[in-house]
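UniProt numbering applies: residue 1 is where the sequence shown begins, and numbers increase by one.
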Amino acid sequence: MSLEILAVDDSRTMRDMIRLALLPAGFNVHTADDGVHGIEVLEGIEPDAIITDINMPRMDGFGFIDAVRGQDKHRATPILVLTTEAAPELKARARDAGATGWIVKPFDPTKLIKALQMVAG
């Protein structure tokens, strides 16, 4: 069974790294380059899980999580925050917004795959 993943990050390199980590594990990866684009991409897919950065132009990760959680069909979709930020208050804010988990960059591909299988499997 192939899991559908939406990865939202303003860094093309990071989007490519996520895709390279997940494709061999059988994931189908959709990408968006910021929160606004992420909401647009969500219109056409039903992801099993979402990965989002926090620091992005136009709409940051917190705004994106709020927007996703505001949609009935994505209210329960797992959201993993993948960011360079490690501050406890930001983690708490992400949890309060509805994030499922938090992974600090640079990420370990194996751990990312395990985390996604755990929340979406």
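No residue lacks a Cβ here, since even glycine has one placed at the ideal position from N, Cα and C.
Chain-order list of residues whose beta-carbon lies under 6 angstroms from that of residue i (same chain, five-residue window excluded)
i	result
residue 25	113
residue 85	54
residue 32	8, 38, 41
residue 104	86
residue 119	49, 78, 100
Paired residues, beta bridge with residue i - DSSP
i	result
residue 41	In DSSP, residue 41 forms no bridge with anything.
residue 103	82
residue 29	5
residue 52	8, 81
C-beta contact flag for residue i and residue j at 9 angstroms
i	j	result
residue 81	residue 94	yes
residue 106	residue 20	no
residue 34	residue 58	yes
residue 116	residue 62	no
Proximity to residue i [Cα-Cα], best of the options
i	options	result
residue 4	12, 79, 108	79
residue 2	111, 46, 83, 34	46
residue 65	99, 76, 111, 36	99
residue 73	111, 56, 44	44
residue 75	97, 118, 88, 36	97
Chain-order list of residues whose beta-carbon lies under 7 angstroms from that of residue i (same chain, five-residue window excluded)
i	result
residue 29	5, 7, 18, 19, 22, 23
residue 102	81, 91, 94
residue 121	none
residue 60	35, 54
Q) Within the chosen definition, does the region 57-73 reach the region 15-23 through at least 3 CB pairs nearer than 8 angstroms? A) no
Q. Any contact of the region 43-55 with the region 2-11, i.e. 3+ C-beta pairs under 8 angstroms?
A. Touching, yes.
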